[in-house]
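Enquirer:
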Amino acid sequence: MQTLNTRFGEIEIDPETVLTFPMGMPGFEDCTRYKLLHEEQPNPRVRWLQSLDDADLSFSLVQVEHLGLTYEVSLSDEECALIELEHAEDAVLLLLLSRPFEEGREITANTQAPVVLNLKSRKALQKVGIRADIVFRS
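Below is the structure:
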C-alpha cells in the first residue's frame, strides 16, 4: 500500500486499483499511473483522475451516459492492443471536464477527446480527434 498526499488529502493507493495510461495523456506523457477518486456517495457523477506520478495533477471526469450522450468511438487494432481491450462491453467512455478561468463561464466536457477505460485490464487512453458538435447547457 502506497500513500500519496494530494489536494484531496492523503490517499492510500491499493496497487490493484491503479489505472495505467501506457502512453500517458496528451501534454502529460510522463504521467502514466492514476487513481480514480469519487465522493463517498451512491452513484457519484463526477470522478477525479489523480496522477500518481505528479501529486499536483488531477482531472475531473464524467461518464458520457451521465450527460445523456450516446456515441461510438472506433479504436484501431493498435489502440485496442495498447489497453488490452478484447470486448467492447469492457470499455467505459469518460469525458474530461473543464471550467475556463473567466468568472461566470460554464463547465464544459471535452467530447472530442474522450478517455477510453478498459475496466478489465485497468488500462486507458485518451482518444483525440473525435468529431462531435455538442453544446452543453446547465
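According to the numbering used here, the stretch in the sequence shown is residues 299 to 436, in order. We put the CB at the ideal spot given by N, CA and C, even for glycine. Note that the coordinates shown come from a computational prediction; the quantities given were computed from them, not determined experimentally.
Which residue or residues does DSSP assign as beta-bridge partners of Q410?
Expert: Paired residue(s): none; Q410 is not in a bridge.
Enquirer: Relative to the C-alpha of S374, which candidate in R331, L302 and V426 has its C-alpha closest?
Expert: Comparing Cα positions, the closest option is V426.
Enquirer: Would you kindly work out how many angstroms separate the C-alpha atoms of K418 and R397, rounded to a whole number?
Expert: If you take the alpha carbons of K418 and R397, they lie about 31 angstroms apart.
Enquirer: Return helix, strand or coil for E314, following the three-state DSSP convention.
Expert: Helix, per DSSP.
Enquirer: Would DSSP call V426 helix, strand or coil?
Expert: V426 falls in the coil class under three-state DSSP.
Enquirer: Can you tell me where the beta strand (DSSP E) with L347 in it begins and where it stops?
Expert: It spans V344 to S349 - the beta strand (DSSP E) in which L347 sits, taken as one unbroken run.
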